[in-house]
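Peer 1: Provided herewith is a single structure, encoded as structure tokens, for subsequent inquiry.
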Amino acid sequence: MGDIEDTHFETGDSGASATFPMQCSALRKNGFVMLKGRPCKIVEMSTSKTGKHGHAKVHLVGIDIFNGKKYEDICPSTHNMDVPHVKREDYQLTDISDDGYLTLMADNGDLREDLKIPDGDLGTQLRSDFDSGKELLCTVLKSCGEECVIAVKANTALDK
Amino acid sequence: MDNSVIQTLEAAAQMLMAPPNLVTSVQRHQAESVFLEFRNSKNPYQLCREILEKSSSDYVLFEAAGLLKTALIREWNLLTDNDISSLREYLVNYLLRKETPSFLKDKLLQTIAVIIKRGSINDSGRDRKALLDELEKIILGSPIGQQKLACAMIQTIMQEYAITVKSADVGITWEVHYWLKKSFEATDLKRIFRFTVSVLEQIVRSGVRPEGDQALLTKQLLTIVETILCWFHVSPLLSKRLIGDFESLYQSDGAPALRLNLRWKDTILKPELIALFFEIHVHVRMDPELANPSLICLVQLARLSGIILSGNNLKEQYYDNYVNNFMRMLSLIQPFDREMLGISDIYCRLVQFFTPPMIAASPPAFLQYLTTYTCHCIRGSIIEEGINDDTVWREALNKFLHTWSSLTHDTDGFSNEAFMGPCVEIFNTYLQCRLAPPDGTRGTESSDGCNEDINDDIHEDERQLHSNVLMTIGAIARKAPAHCCHVLFTLLTERSKRLESQLQLMHMGKLSVGGGEQLITLFEDLHWILMITGHFIAVDCVEGETVMIPPEIVQYSMSENANVDASLRYLVGESSSTDNVDPILKIMGEILRISMYEYAALEAGLGSVFSPELSATISWLLKIWANSYLMQQSSQYSEVLECAFGTGSQGSVWSISRITRRAAAVLRHLSSQPVAATHATQLLATLAHNHRKESPLASCEEFLSLVAWEAAGNNLPGHVRRELHRAFAIAATYSEGEARSRLLTSTVALTEKLQNILNMDSDTEPVRNMLADTLDCFIGVTEGVHEVGSVDEQFMMLLGALEKVPAIVFKYHNYPGVVLPAINLLARSAKRMLHSVQKQNVNKFLEVCNTTFEVYMRWNSGKITSIPQDAEEEAYEDICAIMEVVGAIARSGEGNVGPTCARGLRLLLPMVTPPLLSLPTLALHAYRMIRDLENHDQLTNLPVEDFAMVVAALRVGLTAVSCDVSTLCCDTITGIANKVRTLGSDNPYAMSLLSLAELLLMLIIKMEIPPDSIPAAGAAIYALTCVKPALLEGLARQLIHAFAANDPANVPRLEEAFTVLTNGVLFDGLRTHKIRFQDNFDKFLTSVRGFLIVK
């Protein structure tokens, strides 16, 4: 199943571009940007210039939104940078398969089973909460064809 | 005593000092425990003596010396006078007869000093006097090694007496420290001074320059004199806290002024004394180690003040004598560069401590030397800027400039004629150092910084960085206005022509874009000329503050009596003849021309060539000019200036329109250059602030088209747009009727835009970015709205946006990039506007907050996310923002804020778990909010279970390492305790609160609370005891009981300490008893810590 799903991102979002251009100076801290080809959240933004009368360059430090790696880049403030389209959607968790895949239900009732339990503390918490019978709501982050669960919340009063 | 103990210690020391490959960690731990036990030995004096005599291990010697001191402090009350004096004699003899390494010597000297100081409580300094007698004899006639030791001993004793509040813990309370210091000052300080000075005099009279050991001894003597002249003579009128602040300030930064009482009269006012100190300096100045303390002595003598100089022209005589000796020294020596700081300090102090008429009566050499050295330091400091990070020259220059700024400011000092020559010389020197050749020398001796990479985060804004120096240079220049006006005008005209032709050539393609070195040199020259001109014609200020035109400028303009018409025609560029034109208008005309060349260049597509730094400087200059010159009251103008810039004058309308047009062009073309864009928006905000009758921007077409341009949409960066909307909002508050509605269209357009975004179906990244930007712009509006009685109107407009916040937080709950500005908008509005809007509007706002809290809670309570460690603080920014909302609502105290605060708190408390509270920023926000809520009586109105959560949070906060947080917690506890006192100690709130008392007391006793929070903690203990008077006694019994098991010997001392704590105190919450308790609390801590804490 994994293999079939992996090919999915090529045509993800009905062929729309995964990124859009934005002037470097208009980027915001905590916003998103592509650094070294990876979608990143901007954690640090500073400007510098070559010489006192030079024009500004923006120094960006970002954290890969999927794997947490740090990337840096520097770019003239008047130039454009690629900004990834980022989407976060909430799903209800209905099951966890033996090989660690989640069964998630979207608002419209569609089911998907292509996402694994996230790594680290979040994954451990997710499994133990699910095992103890809590109804869980998973937030899935999606960008540039990649997806993963980034947050979990007990689904108490969320009957929409 | 058997030697086995020494052998064990030496073996353990060897183990500790051995390299890691030779010993195992178990062995090392064993060795450590040997020393830990050794440090706790009781009555170790004989043992320590043995060690000092017999051991050859440095480590063991060091430990023994340390133990001597701590044991003495710990067991002082158990020792007999004989024990102590024999120990003291032994130690002095030991040091005199043995060559000891400095680590050991310092420790033993300190032990002697502690004995002397504690001993003087009972013998009123008899022993000290005897020791000083002995030491003086040694200095006068013993071998040099012993002389040096004697000096070191005097220094250590003085050090021990100098500090009272934060002195090394020797087991006595502050009052005793203080009393000992006073008695030391009265009996021995002057004696040491006279003796040391007489020894120094002998050295000078010998005519031999001190070298080797003799130089070291001289340095010690000088340091003793320096310490006495820098002595902080405590005034009995000050409170302990103030004295503590002074003492710590004195340790970190410079000495206090030399304020002496009448007892010093016979010593310090002897004319020969000053002469002697100058002689000493001349004698030792070749050696930098000696020159430094001798210069400090001279500086201190230049700031003699107090009762000692009152009456009978004493002050004049002292000053004349000092200055004559000072001038004589300057005529004899060629100062080294390293002496500049001291010399500048002497000048600065003289001017600060003596009256302008006395200064003005100084010999002519006073101003001559001052001018020469100032110019010298200007050159030095500008070379230094380009070479390294040292600030020696800059510090000296600052002191000289400080002197000048006092001198030029005093009206009863030197005459303007006396200033003329020196001021021209200083102005010319500074200008030359800043200009490139051939006019100046910039970059010839060190880099001018034009080619280095500049990081905006590290480098301060250029205009800020130099403003202190330039402000004084400007004040100096205004003393010679004719000369400076002429020079600046000539330079501006020449450079502006060059700028025009260069830009033109570039536009026509005849000069390569980039222009190379030549263009950068021109930019840099203009940058400096404009900065100097700015500080010459006006005074820099913060936004919103109106500063008058400097009076010298107005006078000069009046005295020139130029032709109004010719001047105006020159200003607006209708005529190029400078005949009969007012000098200030000439300069202003040239500046406006330069700004128009910039405008033309930007519009012609040369934005990528023009220097953002220069653009910023132009905006800055126009800003400070507009602030002083535009539309002032007519009494502040000369005739020409009023016709040009007064209210309703054509010149002002014309200038404002040009300035606004240019600022708009900068925003359009240089918006990606932070420095240029920031200064352009600041300029607009300053123009908007200018509100004689009505904001001049309200009727300025250029400004209105800027408003329209912004409403139509553009690609300005978010933070620039926020500032722009701030300027719009300021202008709107300062205008009326039709004009106001036109300006308010900016907010209307913003509201429409927000609505459109929310109506959009597509939820994509660009849309979210736009939304975040728009919310930011509303924050700008909030910040720009001023309290001039019209807040409600603008608040209602803002409310349109605020009411959408809950929906935004709901729809975009997964996108912190949107949620954060939305909540920030609530926080800022609460902070800036809530206290001045009408009640029904406050209620509307509270409604919005309630809904927002609910929505936020719905999506975020119990949520677990994967946050990388290094992004933790940022991930919780939204929680901090909600705390700010709650805090600001509580502070506003408007309407019925209680329920909203309670809701916010109920949302927040379960979220801020102890791990979150360990994040410093978040903790500070949280406890500040809790304190604010307490201050406005919101905590005791909470349901009791919520209150318990607050108490739990306080429990976490008390153990925080940050002093701010633990002080906030203690203050909050005190506040709540004062409120619940009336409810009785069995009230559930009181019971919940009282559960903190034990923890608090233990933290205090174990010194686990930051030292600066101790006073707040003491107040909290008192307030808690007032709630339940039996509390303290119960806790004391508990503590004593716990001690009885482990350390029964100390139980009586602990009992006594607790008796001291409650002695004479009633727990009624009244001020007298509160203060008495604080005093007792200090005594309690001093005694308890003496024996409970063995580190």
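Listed in order, the protein sequences are those of chains A and B. For what it's worth, numbering that gives the first Met the number 0 labels the leading residue of the first sequence as 0, then goes sequentially. For what it's worth, numbering that gives the first Met the number 0 labels the leading residue of the second sequence as 0, then goes sequentially. C-beta: ideal position from N, C-alpha, C; glycine also.
Do we get a CB-CB distance below 9 Å when we pair B:E499 with the residues of chain A?
Peer 2: no
Peer 1: Compute the Euclidean distance between the alpha carbons of B:A63 and B:R38, then round it to the nearest angstrom.
Peer 2: Those two C-alpha atoms are separated by around 8 Å.
Peer 1: How long is the line joining the alpha carbons of B:I593 and B:M557, rounded to whole angstroms?
Peer 2: 26 Å
Peer 1: State whether the segment 118-134 of chain B contacts the segment 203-218 of chain B, with contact taken as three or more CB pairs (one from each stretch) at a distance under 8 Å.
Peer 2: no
Peer 1: Excluding the 5 residues flanking B:V59 on each side, which residues of the same chain have their C-beta closer than 8 Å to its C-beta?
Peer 2: Around B:V59: I5, L8, E9, A12 and I50.
Peer 1: Just the C-alpha distance for A:T6 and B:P716, rounded to the nearest angstrom, thanks.
Peer 2: Note that A:T6 has pLDDT 37, beneath the 50 cutoff, so the model's placement of it is unreliable and no number is given.
Peer 1: Using a Cβ-Cβ cut-off of less than 9 Å, list which residues of the segment 927-961 of chain B approach chain A; keep chain order.
Peer 2: none
Peer 1: For A:G36, which residues in chain B fall below 8 Å Cβ to Cβ?
Peer 2: Within 8 Å Cβ-Cβ: nothing; A:G36 doesn't reach chain B, min ~17 Å.
Peer 1: Do B:C376 and B:E424 have their C-beta atoms within less than 9 Å of each other?
Peer 2: no
Peer 1: For B:I863, name the three-state secondary structure that DSSP assigns.
Peer 2: strand
Peer 1: Anything in the segment 53-65 of chain A with a Cβ closer than 7 Å to a Cβ of chain B? List those residues in chain order, please.
Peer 2: Against chain B - using a Cβ distance shorter than 7 Å - the residues of the segment 53-65 of chain A are H54, A55 and I62.
Peer 1: Taking the continuous alpha helix (DSSP H) assigned at A:T123, which residues delimit it?
Peer 2: G119 to D130
Peer 1: To the nearest angstrom, how far is the alpha carbon of B:N397 from that of B:T354?
Peer 2: 21 Å
Peer 1: Assuming contact is defined by CB atoms lying nearer than 9 Å, are B:R1108 and B:A687 in contact in what I supplied?
Peer 2: Any property of residue 1108 of chain B remains undetermined from this structure, which presents chain B solely from 0 to 1094.
Peer 1: Quick one: what does DSSP say A:Y90 is sitting in, helix, strand or coil?
Peer 2: strand
Peer 1: When you compare the segment 138-148 of chain A with the segment 49-69 of chain A, are there three or more beta-carbon pairs, one atom per stretch, that lie closer than 8 Å?
Peer 2: yes
Peer 1: Report buried or exposed for B:Q631, applying the criterion of at least 16 other Cβ atoms within 10 angstroms of its Cβ.
Peer 2: buried
Peer 1: Whole angstroms are fine: how far does the CA of B:R433 sit from the CA of B:I778?
Peer 2: 41 Å
Peer 1: Identify the contact partners of B:A771 in chain A, using a Cβ-Cβ distance below 7 Å as the criterion.
Peer 2: Neighbours of B:A771 on chain A, chain order: R27.
Peer 1: Give, in chain order, every unbroken run of the alpha helix (DSSP H) that is at least 4 residues long and sits entirely within the segment 363-418 of chain B.
Peer 2: 364-386 and 391-408
Peer 1: Against chain B, with Cβ distances strictly below 9 Å, would A:G144 count as a contact?
Peer 2: Not a single C-beta of chain B is nearer than 9 Å to the C-beta of A:G144.
Peer 1: Taking 9 Å as the CB-CB cut-off, is A:V151 touching chain B?
Peer 2: yes
Peer 1: So the candidates are B:R441, B:N689 and B:S576; which of them puts its Cα closest to the Cα of B:E523?
Peer 2: Of the candidates B:R441, B:N689 and B:S576, the one whose C-alpha sits nearest the C-alpha of B:E523 is B:R441.
Peer 1: For B:S633 and B:Q501, what's the separation of their Cα atoms in angstroms?
Peer 2: 40 Å
Peer 1: If you scan the segment 897-940 of chain B from start to end, which runs of the alpha helix (DSSP H) of 4 or more residues do you find wholly inside it?
Peer 2: 897-910, 913-916 and 919-934
Peer 1: Assuming B:Y875 is part of the beta strand (DSSP E), what are its boundary residues?
Peer 2: It is not in any beta strand (DSSP E) - B:Y875 carries neither H nor E in the DSSP assignment.
Peer 1: Find the nearest neighbour of B:F844 within the set B:S917, B:E1054 and B:D791, judged by alpha-carbon distance.
Peer 2: B:D791
Peer 1: Any residues in the segment 654-681 of chain B with a beta carbon nearer than 8 Å to a beta carbon of chain A? Which ones, in chain order?
Peer 2: S670, S671, Q672, P673 and V674
Peer 1: By how many angstroms is the C-alpha of B:P942 removed from the C-alpha of B:M928?
Peer 2: 18 Å
Peer 1: Would the segment 997-1012 of chain B and the segment 1045-1055 of chain B be scored as touching if the rule is three or more Cβ pairs under 8 Å?
Peer 2: no
Peer 1: Rank B:D388, B:I381, B:S343 and B:K752 by C-alpha distance to the C-alpha of B:L369 and give the top, closest one.
Peer 2: B:S343
Peer 1: State the CB to CB distance for the pair A:L45 and B:N562, rounded to an integer number of angstroms; the pair is presumed to be in contact (CB under 8 Å).
Peer 2: Looking at the sequence itself, residue 45 of chain A is Ser, so the reference to Leu does not match. Contact flag wrong, Cβ pair sits at about 52 Å.
Peer 1: Is there a C-beta anywhere in chain B that falls below 9 Å from the one on A:M21?
Peer 2: yes
Peer 1: Checking 9 Å against the spacing of the C-beta atoms, do B:G439 and B:E384 come in under that value?
Peer 2: no
Peer 1: With DSSP as the reference, label B:T680 as helix, strand or coil.
Peer 2: helix
Peer 1: Run through DSSP, which three-state label would A:S47 get?
Peer 2: strand
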